[in-house]
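Residue numbers (this note's numbering): 409 to 703.
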């Protein structure tokens with residue numbers, strides 16, 4: 409049994425030497441979360457200015473040794489937008505940065521370098537505002553007319569990342585639109601629950617580390633349309649919504665998204681005297697979202 413344990417320890421040491429990786433424990437973090445400390449320094453061959461790659465289960469970052477003593481090393485993340493994605497006591501694998509990256513294929517190198525900008529899976533709250541404009545509209549049992557529809561909307565959403573490229577969001581939306589017809593004007597108000605699936609492309613390193621995103625959304629809620637002496641009530645179905653966005657990081661905690669979207673809706677409303685009306689409409693919208701990371 410002692411021989412087996414000795415053989416395992418020697419094998420682990422040999423593999424660490426041969427392949428350039430080592431299991432280390434995070435000893436501490438700075439208050440700004442830009443630097444962290446590991447055990448092992450000059451006596452273990454670490455020198456100031458050296459770059460190493462640190463990898464956990466779902467994140468890989470490159471850090472530079474800025475302070476090296478005999479037994480400890482302080483590392484700094486090599487990205488201004490990135491906080492240390494580890495916690496004190498975490499066990500992570502440390503690689504020689506150059507050997508590790510160049511051992512990968514070019515596509516993997518690019519993917520690993522991109523992931524240095526990722527902390528870990530994030531949860532966020534979003535507040536959005538947009539202007540909408542009607543593109544087309546039809547109403548059952550009504551003669552087609554040239555209608556001018558426009559308005560604004562507010563969103564409050566919770567977002568969670570599923571992976572580096574995928575996320576989902578859900579929340580509520582309030583919409584107010586004015587419809588100008590040749591003979592009268594109407595006000596439509598909607599309150600909906602929203603669910604979105606999102607895909608984010610890799611960061612644009614040459615443009616403020618921004619990301620282009622695409623999303624598909626659905627929604628369901630209540631609708632109310634009013635004009636002088638008349639009101640109708642019913643349901644509103646959003647199916648579907650297509651959105652393109654450009655996300656710009658403000659700092660470690662906030663991002664702002666600029667968006668453009670196309671939406672199709674169905675309104676089924678009924679007046680007090682029992683008359684039904686179904687409206688199908690297509691809208692376009694532009695707006696922005698302010699995102700606050702919770703992690």
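Quick reminder that beta carbons are idealized off the backbone N, C-alpha and C, glycines included.
Local Cβ density within 10 Å of residue i, reported as buried at 16 or more and exposed below that
i           : result
residue 677 : buried
residue 586 : exposed
residue 475 : exposed
residue 493 : buried
residue 584 : exposed
Cα-Cα separation between residue i and residue j, rounded to whole angstroms
i           : j           : result
residue 690 : residue 672 : 5 Å
residue 636 : residue 686 : 20 Å
residue 717 : residue 559 : In the structure displayed, the chain extends from 409 to 703; residue 717 sits before or after that span and is not available.
residue 473 : residue 485 : 9 Å
residue 679 : residue 638 : 8 Å
residue 450 : residue 538 : 56 Å
residue 540 : residue 562 : 11 Å
residue 462 : residue 529 : 17 Å
residue 600 : residue 577 : 14 Å
residue 452 : residue 572 : 34 Å
residue 617 : residue 610 : 9 Å
residue 477 : residue 496 : 19 Å
residue 439 : residue 445 : 12 Å
residue 696 : residue 468 : 31 Å
residue 531 : residue 702 : 6 Å
Best match in the options for proximity to residue i [C-alpha to C-alpha]
i           : options            : result
residue 628 : 492, 648, 679      : 648
residue 481 : 491, 463, 502, 674 : 502
residue 441 : 617, 646, 661      : 661
residue 644 : 699, 582, 693      : 582
residue 612 : 590, 483, 655, 430 : 655
residue 688 : 546, 455, 703, 533 : 546
Same chain, Cβ closer than 7 Å to residue i, five either side skipped, listed in chain order
i           : result
residue 658 : 664
residue 543 : 690, 691, 692
Own chain residues within Cβ distance below 6 Å of residue i, not counting five before or after
i           : result
residue 653 : 621, 665, 667
residue 433 : 499
residue 588 : 556
residue 458 : 473
Contacting residues, own chain, Cβ-Cβ under 8 Å from residue i (five flanking each side not counted)
i           : result
residue 574 : 605, 606, 607, 608
residue 483 : 443, 444, 445, 446, 460, 462, 471, 472, 473, 474
Within the region 566-647, ranges of the alpha helix (DSSP H) (whole runs, at least 4 residues) = Secondary structure in the region 566-647: no alpha helix (DSSP H) run of 4 residues or longer lies completely within the stretch.
message = For a minimum of 3 consecutive residues, which ranges assigned as the beta strand (DSSP E) are wholly contained in the region 424-471?
response = If you keep only unbroken beta strand (DSSP E) runs of at least 3 residues inside the region 424-471, you get 429-437, 443-447, 459-463.
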